[in-house]
Amino acid sequence: LKTLLGDENMYTDKDEWDFEYTYNCTLTATHLWLRQWADLAVVAPVTCNHLAKIAHGIGDTLPSMITNAWDWTRKPLILCPAMNNIMYQHPACQQNLKTLK
Numbered sequence: 001l002k003t004l005l006g007d008e009n010m011y012t013d014k015d016e017w018d019f020e021y022t023y024n025c026t027l028t029a030t031h032l033w034l035r036q037w038a039d040l041a042v043v044a045p046v047t048c049n050h051l052a053k054i055a056h057g058i059g060d061t062l063p064s065m066i067t068n069a070w071d072w073t074r075k076p077l078i079l080c081p082a083m084n085n086i087m088y089q090h091p092a093c094q095q096n097l098k099t100l101k
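Under UniProt numbering, the first residue of the sequence shown is numbered 1, with each subsequent residue one higher.
So this is what it looks like as structure tokens:
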């Protein structure tokens, strides 16, 4: 993916925390800028952990902050779960999926 997009189009957690917004609040934070820029988002892979973060509003990584700030009413957000059947069928995972539907 990095080869296709190049360094200038790749963002990591470091970009969020090193961003000037953190220090002076005059610029749009990375997760908010990306939210505005994108027409849709594909989150893959979505682990049980990330699914729980999205369902419960935990924003401690750049991807989880973007999904928490996402305008679900106007832009598609596609989640691609990546776990085995046992994990997927776990009651906690099913509850998180139900919350997000």
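In this text, a Cβ means the ideal position worked out from N, Cα and C, and glycines have one as well.
Nothing here was measured: the structure is a model prediction, and the numbers come from that model.
Run the proximity test for Met-10: is its beta-carbon closer than 7 angstroms to any non-hydrogen atom belonging to the ligand SAM?
In the structure shown, the ligand SAM is absent, as is every other ligand, since no ligand is present at all.
Take Pro-68 and list the residues in its own chain whose beta-carbon comes closer than 6 angstroms to its own, dropping the five residues that flank it on each side. The question names Pro, but residue 68 in the sequence shown is Asn. Cβ neighbours of Asn-68 beyond the five flanking positions: Gly-57, Gly-59.
In terms of alpha-carbon separation, which member of Ala-92, Asp-15, Ile-66 lies closest to Leu-32? Ile-66
By the three-class DSSP mapping on this structure, what secondary structure does Leu-51 have? helix
*Excluding five sequence neighbours on each side, which residues of the same chain lie with their C-beta closer than 8 angstroms to the C-beta of Lys-75?*
Ala-38, Asp-39, Leu-40, Ala-41
Just to confirm, is the Cβ distance from Leu-100 to Val-46 under 8 angstroms?
no
Every unbroken alpha helix (DSSP H) inside the UniProt domain "Flavoprotein" (23-100) [4 residues or more] | 30-37, 48-56, 62-69, 85-88, 91-100
Suppose the cutoff is 6 angstroms on Cβ atoms and the five residues either side in sequence are ignored; what does the same chain contact list for Ala-55 look like? Asn-96, Thr-99, Leu-100
* Asked: Does the Cβ of Pro-63 have 16 or more other Cβ atoms within 10 Å, making it buried, or fewer, making it exposed?
  -> buried
Going by C-alpha distance, which of Ala-82, Gln-89, Met-87 is nearest Ala-44? Ala-82
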